[in-house]
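Working notes, structure below.
Number of protein chains: 4
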Amino acid sequence: MKILTILGSSRKDGNTEFLTSKAIKNIDHTTIRLSDYHIKPITDLRHSKTGFSPVDDDYEKLLEQFLNHDIIIFSTPIYWFGMSGQMKVFIDRWSQYLRDERYDFKRKLSRQKAYVITTGGTDPKLTGLPLIQQFGHIFDFVGMTFEDYIIGQAVKPGEIQADQSALKKAEEWNEYFKNL
Amino acid sequence: MKILTILGSSRKDGNTEFLTSKAIKNIDHTTIRLSDYHIKPITDLRHSKTGFSPVDDDYEKLLEQFLNHDIIIFSTPIYWFGMSGQMKVFIDRWSQYLRDERYDFKRKLSRQKAYVITTGGTDPKLTGLPLIQQFGHIFDFVGMTFEDYIIGQAVKPGEIQADQSALKKAEEWNEYFKNL
Amino acid sequence: MKILTILGSSRKDGNTEFLTSKAIKNIDHTTIRLSDYHIKPITDLRHSKTGFSPVDDDYEKLLEQFLNHDIIIFSTPIYWFGMSGQMKVFIDRWSQYLRDERYDFKRKLSRQKAYVITTGGTDPKLTGLPLIQQFGHIFDFVGMTFEDYIIGQAVKPGEIQADQSALKKAEEWNEYFKNL
Amino acid sequence: MKILTILGSSRKDGNTEFLTSKAIKNIDHTTIRLSDYHIKPITDLRHSKTGFSPVDDDYEKLLEQFLNHDIIIFSTPIYWFGMSGQMKVFIDRWSQYLRDERYDFKRKLSRQKAYVITTGGTDPKLTGLPLIQQFGHIFDFVGMTFEDYIIGQAVKPGEIQADQSALKKAEEWNEYFKNL
């Protein structure tokens with residue numbers, strides 16, 4: 001089982017990343033930090049005559065990695081009660097590759113297992129629920145299994161260390177991943 | 001009452017835009033089509049020593065317009081069960097300007113009235129609800145009044161014309177705006 | 001197409017009932033006012049050896065009517081951000097009859113079309129959304145088609161008459177039902 | 001800190017009760033099993049001239065206990081993607097006592113801390129979210145602090161013992177309650 005973490009934060013060493021590092025501690029894995037790459041927002045050409053055209057950015061490099069893993073951990077801070085713009089832009093582009101015959105996109109995703117790690121400051125265990133529901137619809141649409149999610153409470157760097165409940169859940173995941 | 005529509009689609013003349021045009025037909029208004037501008041995703045520097053630094057893109061141009069209107073219509077297609085990445089990137093940057101002393105950001109937003117128009121294809125009147133809830137939390141956070149929303153059902157260009165219920169609601173808004 | 005309205009309010013002539021009467025004006029239909037009947041909360045005996053036993057109340061009388069209609073309008077005020085206890089007690093008992101061989105419960109429900117009318121006072125177009133999502137899951141579970149919903153804003157008797165948008169939608173439904 | 005658990009299940013020794021017993025193991029507390037009492041659904045007389053009238057059932061007995069505790073654990077199985085009818089009927093009656101001058105209802109609730117324990121079988125960590133959101137709105141309305149929630153996955157008696165994550169969270173709560 002190959003594990004990939006996709007980090008959607010625009011900040012290094014943030015709270016979401018801390019929780020994620022707990023979950024995959026001492027586990028072989030790949031990390032994609034979206035802010036390290038140039039990814040353009042989708043241009044919706046589904047209904048144009050010519051369909052989608054090649055985009056000059058880093059997306060396809062990431063795509064190969066993405067499709068090549070079995071377990072995907074989507075790690076995003078809660079920005080404005082949703083996933084970060086960076087992660088949304090990444091996911092929006094799926095619409096293009098669902099239709100790209102060079103990739104076996106839909107079949108590959110339908111075999112992946114999805115995990116979500118998110119942190120926020122404004123009562124995230126409630127206000128983060130629409131985001132969890134959104135991920136639920138996304139994974140359902142592509143057939144990924146939504147295994148579990150962690151919602152941590154934290155704003156300033158390091159604050160997540162006070163959310164014992166979130167930390168413990170990340171450790172549980174870590175135990176589970178070790179035994180895969 | 002000055003009306004601004006913010007279009008989050010990556011496609012011109014789409015279904016969301018059609019509904020929006022119904023709502024503001026023959027009404028004086030300003031339109032921002034986000035895909036016409038270069039807007040960078042936020043880099044979260046809230047907790048860095050120096051704070052946010054200037055960003056070389058079109059954001060501040062749009063910001064002046066945004067702050068200068070009383071009624072904001074957020075028009076976004078449902079992409080992956082949420083607002084478009086373009087619109088999310090636009091909203092994420094609010095975090096920067098909430099803290100920018102050159103703008104009276106928070107006070108101005110707290111006087112604005114917000115409307116949301118969105119369309120989607122996969123049972124949007126249910127699967128679009130997390131998006132409406134997210135907008136609810138966003139507007140609540142900045143003190144904007146969430147006046148109303150329209151969720152239309154449509155995927156292909158023109159399909160929205162079959163959603164009589166959404167069209168009628170856009171016409172109701174139009175009547176209301178006329179009498180402001 | 002036989003239409004049934006199920007009224008979950010504990011109060012006669014309330015706002016939800018007013019909207020419902022608009023929707024079915026001059027349309028042949030049956031009405032069940034739940035508060036007119038004695039309905040016991042479910043006793044969950046799914047996992048007992050003997051299974052469910054007969055319950056001494058009015059439920060089965062209502063059940064025959066319920067199963068014998070094609071379009072069901074669930075009309076409930078928003079009580080504490082959910083359906084009324086009366087309506088919840090009515091729906092909970094489905095668990096019993098799903099397993100009762102005397103009724104063709106599951107197959108019949110899977111052919112029904114569901115509509116929801118609800119009204120509330122505390123920002124119902126947002127705080128009523130979990131209720132709509134709950135109905136979505138309920139109908140999905142039994143295979144009913146969730147056709148549409150109306151969320152009206154009103155607390156005191158008669159207030160619904162100020163919610164033009166809800167009234168118009170009820171009239172739209174009325175037009176539609178007339179042409180069935 | 002006086003702890004009260006309110007059990008909404010119609011079944012003894014179910015999965016929700018098992019989780020709850022873990023959370024309050026060796027902790028002094030009071031338990032109300034709603035199915036042991038006769039509680040009538042509310043009759044909404046808020047807008048009648050005479051207001052609410054006395055109801056001949058067990059409610060006021062429970063009410064005194066309810067108001068006399070600091071921490072309330074609402075434990076309900078997920079029935080039809082919501083709280084049990086028994087628990088909904090219990091909460092609906094709050095509308096009556098909010099207005100009853102014999103009780104200091106609103107002030108007392110505004111000092112209480114709320115916890116929710118719920119279990120369900122059909123993907124409860126997603127389909128249970130509207131219920132959590134509903135509780136969020138309820139507690140917000142009366143000013144109770146929504147401390148935390150556990151969503152367990154289980155249908156048949158005993159199945160909850162396989163949900164390690166829910167069990168561990170109940171144990172965390174137990175540690176926390178011990179140190180109050």
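Order-wise, the sequence lines are chains A, B, C and D. Counting in UniProt numbering, the first sequence runs from 1 upward without gaps. Counting in UniProt numbering, the second sequence runs from 1 upward without gaps. Counting in UniProt numbering, the third sequence runs from 1 upward without gaps. Counting in UniProt numbering, the fourth sequence runs from 1 upward without gaps. C-beta atoms are modelled at their ideal positions from N, C-alpha and C, and glycine is treated no differently.
Answer with buried or exposed for G51(C), where buried requires no fewer than 16 other C-beta atoms within 10 angstroms of its C-beta. Counting Cβ neighbours within 10 Å, G51(C) comes out exposed, since fewer than 16 surround it.
Checking contacts by CB at 9 Å: is I132(A) closer than that to chain D? It does; some Cβ of chain D falls within 9 Å.
Look at L7(B) and T20(B) and say whether their C-beta atoms are less than 9 Å apart. Between L7(B) and T20(B), the C-beta spacing is below 9 Å.
Look at the alpha carbon of P157(A) and the alpha carbon of D56(B), and state the distance between them as a whole number of angstroms. Within the model, the alpha-carbon separation for P157(A) versus D56(B) is close to 26 Å.
Same chain, Cβ closer than 8 Å to S10(C), five either side skipped, listed in chain order: The beta carbon of S10(C) is closer than 8 Å to those of S35, S84 and Q86 in its chain, skipping five residues each way along the sequence.
What are the boundary residues of the alpha helix (DSSP H) that V142(B) is part of? Unbroken alpha helix (DSSP H) run through V142(B): L129 to V142.
Show which residues of chain A have a CB atom less than 9 Å away from the CB atom of G128(D). Going along chain A, no residue has its Cβ under 9 Å from G128(D), so there is no contact; the nearest lies around 10 Å.
By how many angstroms is the C-alpha of D28(D) removed from the C-alpha of G143(D)? Looking at the two C-alpha atoms, the distance is approximately 25 Å.
Please name the residues in the stretch 3–35 of chain B whose beta-carbon is closer than 7 Å to at least one beta-carbon of chain C, in chain order. Within the stretch 3–35 of chain B, no residue places its CB atom closer than 7 Å to a CB of chain C.
Check the Cβ of F146(A) against every Cβ in chain D and list those closer than 9 Å, keeping chain order. Those are D123, K125 and L126, listed as they occur along chain D.
According to DSSP, is I150(D) helix, strand or coil? Note: I150(D) maps to strand in three-state DSSP.
Nearest by alpha-carbon distance to I132(A): which of F141(A), T122(A), T118(A) and T145(A) is it? Closest in C-alpha terms to I132(A), from the list F141(A), T122(A), T118(A) and T145(A), comes T118(A).
Could you confirm whether any beta carbon from chain D is found closer than 9 Å to the beta carbon of F52(C)? Taking a beta-carbon distance threshold of 9 Å, F52(C) does not count as an interface residue toward chain D.
From I78(A), E171(A) and Y97(A), pick the residue whose C-alpha is nearest to that of N15(A); which is it? The option with the nearest alpha carbon to N15(A) is I78(A).
In three-state terms, what does DSSP make of S95(D)? Of the three classes helix, strand and coil, the one that applies to S95(D) here is helix, per DSSP.
Have a look at Q153(B), Y97(B) and G128(B) and flag the residue whose alpha-carbon is nearest the alpha-carbon of Q164(B). Relative to the Cα of Q164(B), the nearest Cα in the group Q153(B), Y97(B) and G128(B) belongs to Q153(B).
Please state if the CB of K2(C) and the CB of residue 202(C) are separated by a distance shorter than 9 Å. Any question about residue 202(C) goes unanswered here, given that chain C covers just 1 to 180.
What is the rounded straight-line gap between the Cα of T169(A) and the Cα of G82(A)? One detail in the question is off: residue 169(A) reads as Lys in this sequence, not Thr. About 21 Å.
For I128(C) and I151(C), which I take to be in contact (beta-carbon distance under 8 Å), what is that distance rounded to the nearest angstrom? It should be noted that the sequence gives Gly, not Ile, for residue 128(C). At roughly 5 Å, the Cβ-Cβ gap stays under 8 Å, so G128(C) and I151(C) are in contact.
For T16(A), the first and last residue of its enclosing alpha helix (DSSP H): N15 to A23 is the extent of the alpha helix (DSSP H) around T16(A).
Straight-line gap, Q112(A) to T145(A) (C-alpha atoms, nearest Å): If you take the alpha carbons of Q112(A) and T145(A), they lie about 7 Å apart.
Going by DSSP in three states, P77(A) sits in which element: helix, strand or coil? Of the three classes helix, strand and coil, the one that applies to P77(A) here is strand, per DSSP.
Looking only at C-alpha atoms, which of K61(B), S48(B) and I138(B) sits nearest to V116(B)? That would be I138(B), whose Cα lies nearest to the Cα of V116(B).
Could you give the DSSP three-state label for K113(C): helix, strand or coil? In the structure shown, K113(C) sits in a strand (DSSP, three-state: E or B).
Taking Cβ positions only, does S75(D) come closer than 9 Å to chain A? At least 9 Å separates the CB of S75(D) from every CB of chain A.
Compare the C-alpha of E147(B) against each of D100(C), D123(C) and Q161(C) and name the closest. Scanning D100(C), D123(C) and Q161(C) for the CA closest to the CA of E147(B) turns up D123(C).
State the beta-bridge partners of G8(D) as determined by DSSP. Under DSSP, G8(D) shares a beta bridge with no residue.
For chain A, find out if any of its Cβ atoms is closer than 9 Å to the Cβ of L109(B); answer yes or no. For L109(B), not one C-beta of chain A is nearer than 9 Å to its own C-beta.
R46(A) versus K108(B): straight-line alpha-carbon distance, rounded: C-alpha of R46(A) to C-alpha of K108(B): approximately 38 Å in a straight line.
Given a cut-off of 9 Å on the beta-carbon distance, is the pair K25(D) and N179(D) in contact? No, the Cβ-Cβ distance between K25(D) and N179(D) is not below 9 Å.
Using 8 Å for Cβ pairs, my map puts I32(D) next to L62(D). What's the rounded Cβ distance? Sure, about 6 Å apart at Cβ, within 8 Å.
Proximity test, Cβ basis, 9 Å: F81(B) and chain A: Chain A, which has a Cβ nearer than 9 Å to the Cβ of F81(B), makes this yes.
Report back the beta-carbon spacing between S75(D) and D44(D) to the nearest angstrom; my notes put them in contact at under 8 Å. Contact annotation, S75(D) with D44(D): C-beta distance approximately 27 Å; criterion of less than 8 Å not satisfied.
Suppose contacts are defined by Cβ-Cβ distances below 9 Å. Is V89(D) in contact with K88(C) by that definition? Yes, Cβ-Cβ distance for V89(D) and K88(C) is below 9 Å.
Using 10 angstroms around the beta-carbon of A114(B), count the other beta-carbons present and answer buried if the total reaches 16, otherwise exposed. Residue environment for A114(B): buried (at least 16 other C-beta atoms within 10 angstroms of its C-beta).
G158(C) - DSSP class collapsed to helix/strand/coil: Three-state result, G158(C): coil.
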